[in-house]
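Asker: Provided herewith is a single structure, encoded as structure tokens, for subsequent inquiry.
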Ligand SMILES: [Zn+2]
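Numbering (this note's numbering), first residue to last: 92 to 211.
So this is what it looks like as structure tokens:
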């Protein structure tokens, strides 16, 4: 069953909360490293801001677990806002991912079956 507007709204809130948490961690991480990374760009949606980021910032994000999670969360937020009808469906087979799975992993873009295949 496709998500209701209310469910979609709840997932969006979970994503925003997860995003805020990841941004805080990344900012702290960057400070600890003393790398002089401009973390301001992390707090904007990367889907929109990726072009404005320096190569160094992008590399930093890709290198860290939190950075990868943040990119996943950003992609999910982008889908939920700009491709409403596609959000919540598996990018591989198009089946509904299901609210319970999204509640557990809001950034999921694969159904459980496809996820298993991908993980081998
Ligand atoms: Zn699937």
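Built from N, CA and C at the ideal position, the CB exists for glycine as well.
1) Are the CB atoms of residue 110 and residue 193 nearer to each other than 8 Å?
2) Taking the alpha carbon of residue 150 as the point to measure from, which residue in 187, 117, 177, 97 has its own alpha carbon closest?
3) Report the CB separation of residue 190 from residue 94 in whole angstroms; it is logged as a contact under 8 Å.
4) If you measure from each residue's Cβ to the nearest non-hydrogen atom of ligand 1, which ones come out under 6 Å, in chain order?
5) Within 10 angstroms of the Cβ of residue 165, are there 16 or more other Cβ atoms? Answer buried if so, exposed if not.
6) Would you call residue 200 buried or exposed, if buried means 16 or more other Cβ atoms sit within 10 Å of its Cβ?
7) From what residue to what residue does the alpha helix (DSSP H) around residue 113 run?
8) Near residue 209, what residues of its chain come up, given a Cβ to Cβ distance below 8 Å and the 5 sequence neighbours on each side ignored?
9) Between residue 148 and residue 211, what straight-line distance do the alpha-carbon atoms span, to the nearest angstrom?
10) Since residue 178 contacts residue 99 with CB under 8 Å, what's their CB separation in whole angstroms?
11) Helix, strand or coil: how does DSSP classify residue 149 here?
12) Given this structure, state the Cα-to-Cα distance separating residue 112 from residue 180, to the nearest angstrom.
Answerer: Answer, in terms of the structure:
1) no
2) 117
3) 6 Å
4) 181, 183, 184, 186, 201, 202, 204, 205
5) buried
6) buried
7) 96-124
8) 183, 201
9) 31 Å
10) 7 Å
11) helix
12) 25 Å
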